[in-house]
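Chains as they are written, first to last, in the numbering used here: chain A, 1 to 230; chain B, 1001 to 1519.
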Amino acid sequence: MNTPKPRVLLIEDEKTIRRFVRVAIEEEGCSVIEAETIAGGLVEAGVQKPDLLILDLGLPDGNGIDLIRDLRGWSEVPILILSARTQENDKIDALDAGADDYLTKPFSVGELRARIRALLRRRLRNGDGVSPVVEFGNVTVDLSRRLVLRGDETVHLTPIEYRLLATLLGHPGKVLTQRNLLREIWGPSYVESSHYLRVYVGHLRQKLEIDPTQPRHFLTETGVGYRFQP
Amino acid sequence: MSCCRKKTMTSENPVDAPFSEKLKPWQRLLLTVAACTATTLLATPLLGHLDLANIVMLFLLTVLLVAITLGRGAAVLASILSVLLFDIFFVPPRFSLAVENIQYLVTFSVMLATGLITGQLAAGLKQKAREAQMRERRTRALYDAARMLAGALTKAQVVDIAQSFTHEQLEADSLILLPEDHAHPVVAAAGTPCKIDPLLARIAEDSGTTVRNHELSGSGYAALYLPLRASMRTRGVLAIAFRTDVPSVADDDVALLEALASLIGIALERLHYVDVAQSTQLKMVSERLRSSILSALSHDLRTPLTALVGLADSLFLIKPPLPTVALESAQSMHEQAARLANLVGNLLDMARLNAGEINLRREWQPLEEVIGASIKLIGSALVAHPVKVSLPADLPLLEFDAVLLERVFCNLLENAAKYAPVNTNLDVVARLAGDYVEVEVGDRGPGFASDNNDRLFDMFVRDESVAGKPGTGLGLAICRAIVEAHGGTIHAANRPQGGARISFTLPRGTPPILEEESV
């Protein structure tokens, strides 16, 4: 344990929820900073420079989405959203504003710890620079040589399929909204043509998943977007 | 034309006519005779002092005055009478029709012709002036009606304005028929004594032209049906019933009524859009209120449940570990709280779905994806029940709300897993069926108790065969609400090879074209 403990800023107004989330974070070997309001959270984020931010969207002094927008102006810290709202729009807005992942209440501690681990891991890896070779399942993708192997066989991808794959692989574990993906890969005029995205994700699954009907790596976040799970 | 107009004016509009025409014909006759007699009496003493030619002038003046005050018919009568009286009382031999000097016949003819012509001209002039006056009055009345209609706030006000206008201008009753009234000819105005021929009203509305039926006038039925045309569409029909038996309606009157009808049409259209704007506003406000109540409720119910689930889980993290019994309790707490959360979710969903029209966020997408996402979402419930998905290769994109359809699959799969024996497969099958795609979720469990299962989709109804198992009877009701909102149907049955099967349909529609990628 030479490296300092990662610090997690938890912004949540419910005391009981803070209590068990704190336990879960500490179990992951991190130290916890707590805040109850957006204003307090922003101050702590600026002063303490946390490695991960866990944010409840429904805070008493405003909308958590505004905090994300403010924060993204000067910080790249990963943000995990806790939302009691079932409306997909809130999640999409938060993700579009720059959040990395979300959990819908109620969630189990197991899920929470898995998300914390994934986000912290990504932060570390970002520090090292991205490796050009990504492996998942029996698939190996060499981004520097634009080479996709399934087992030993080369998989042929169309240019758009490859671009979609590269974009997804570039953000492992992060939920990418439909809007984001459409804009990035097809361009701004396709933002409303979500069927393109759906069909091409289907192609990737056909070519790279063992069971395309029950994918394990290219996951759908229904009504929100997609997530690549290594 | 001018003759016809005159007849209309004299016979149909006694109210509008000037003083002289309020008189009955025999009174006018009497006045004419009296005027001619008076002239004779006045001129008799002057005989001898005045030349006969000047006495002729007095008679011509009388004819002129009669023509101006009593109209054309009286003028004709006065001309003839004047000639006779002049002949009898002034032309020698006096007191007989005989004429001494034949040249008086020229005097008579010129006198008669002059009388008739000046009488005609004078009466015509008078008539014209009166028509102009009446037209001006009607224009002003129409202008007033337009002003009032522009300020009308309700349909009843529009009806009142129309009624008083037709009453004052034409002595007629009017009714406004609105489109929804056609099926059952209910009338917008209360208490107007006038019957409607629904067929004529329908013709007027459909053709957009005025329909007249003079045979109906005087019978208590409306004789004129004018469409209320506005810029968007015909807003209804204005029916006019004359109180007296009218042989024909003057074109002027029809033109006036058509002008009125278009004013009413515009007023009704304006009121319609005021209504639309108000109800849209109201709907928006109530929609916002409903959604904020539901999300507040959702937040308030989920927060303590989240704490419960999380706190139960965190008992596992205590070091040194708690005794097994305590951990088992913690596990049960977690499960029960999760079940409660599920129930709350179902109830809130049902409230959302039941509260009126569902806002579907429909997008074209492959069915495969939502099935995969559903299986992943409830993965823990399916550990002992592997799901076999078989979809035809040519299954087109379907247009649906993915979040809601995910609820359908989750509910159906969870149900199936709950009732089927452990380690049996669940099946998800889709097939093309005409304009629909039929999707089926089946299990290899005991099946339903009976074959008549449509009641299972009602709220809080559960199959007899599942009496002992936990559940609320909401899951299938939610499924039905969602499927029906998408324009499909849902049914439950037993599979021929055993097990239960729930199948639903989704309309295929016309999928968008996907531009091929140039490789």
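Beta carbons are placed, not taken as given, at the ideal position from N, Cα and C, and that holds for glycine.
- A:I210 has its alpha-carbon roughly 19 Å from the corresponding atom of A:L147.
- In this structure, A:K105 and B:R1302 form a Cβ contact; the two beta carbons are roughly 5 Å apart against a cut-off of 8 Å.
- A distance below 8 Å between beta-carbons, with the five flanking residues on each side excluded, links B:S1231 to the following residues of its chain, in chain order: I1266, E1269.
- Looking from the CA of B:L1065, the closest CA among B:K1126, B:M1333, B:G1498, B:V1099 belongs to B:K1126.
- Less than 8 Å divides the Cβ of B:V1063 from the Cβ of B:A1075.
- Per the coordinates, the alpha-carbon of B:L1178 lies some 40 Å from the alpha-carbon of B:D1349.
- Residue-level contact check: B:D1394 does not touch chain A, since none of the beta carbons of chain A fall below 8 Å from its beta carbon.
- By the neighbour-count definition (other C-beta atoms within 10 Å, threshold 16), B:Q1497 is an exposed residue.
- Inclusion of B:A1341 and B:L1305 in the CB contact set at 8 Å is warranted, their separation being smaller than that value.
- Chain-ordered, the chain A residues with CB closer than 8 Å to the CB of B:Q1365 read S194, H195, R198.
- The beta carbons of B:A1420 and B:D1443 sit closer together than 8 Å.
- The C-alpha of B:V1389 is placed about 10 Å away from the C-alpha of A:P212.
- Under DSSP, B:R1495 forms no beta bridge with any residue.
- For A:E34, there are no neighbours in chain B by C-beta distance under 8 Å, as the nearest C-beta there is about 15 Å away.
- Per DSSP, the beta-bridge partners of B:Q1365 are B:L1398.
- When beta bridges are read from the DSSP output, A:I33 appears opposite A:L9.
- B:P1512 has a beta carbon lying within less than 8 Å of a beta carbon in chain A.
- In terms of CA proximity to B:R1361, B:L1398 leads the group B:G1475, B:L1398, B:T1114.
- Not a single CB atom of chain A sits nearer than 8 Å to the CB of B:R1362.
- For A:V23, the residues of chain B that pass the 7 Å Cβ criterion are S1314, L1317, in the order they occur in the chain.
- Here A:G58 carries a strand assignment [DSSP, helix/strand/coil].
- Close CB contacts of A:D61 within its chain, under the 8 Å cut and outside five residues either way in sequence, are with T37, I38, A39 (chain order).
- For B:L1228, the enclosing beta strand (DSSP E) stretches over residues 1224–1229.
- Within the segment 40–74 of chain A, the residues whose Cβ lies closer than 7 Å to some Cβ of chain B are G58, listed in chain order.
- Excluding the 5 residues flanking it on each side, B:T1040 has same chain C-beta neighbours closer than 7 Å at L1085, F1089, in chain order.
- It is roughly 12 Å from the alpha-carbon of B:F1165 to the alpha-carbon of B:A1259.
- The DSSP-derived three-state label of A:E192 is coil.
- In the three-state scheme derived from DSSP, where H, G and I count as helix and E and B as strand, B:V1249 is classed as coil.
- Contact check for A:G64 against A:D56 passes: the beta carbons are separated by less than 8 Å.
- Taking 8 Å as the upper bound on Cβ-Cβ separation, chain B lies near residues K105, P106, F107, S108, V109, G110 of the segment 90–110 of chain A.
- Just measuring C-alpha positions, the residue of B:D1451, B:T1324, B:E1517, B:G1509 sitting nearest B:I1502 is B:D1451.
- Assignment of B:L1426 by DSSP, reduced to helix, strand and coil, places it in the strand class.
- Contact between the segment 164–184 of chain A and the segment 213–226 of chain A is present, with at least three C-beta pairs closer than 8 Å.
- Burial check for B:P1227: the Cβ neighbour count within 10 Å reaches 16 or more, so the residue is buried.
- The beta carbon of B:A1338 sits closer than 7 Å to those of V1309, all from its chain and outside the five residues before and after it, given in chain order.
- Comparing C-alpha distances from B:E1440 to each of B:H1486, B:I1371, B:T1209 shows the shortest one belongs to B:I1371.
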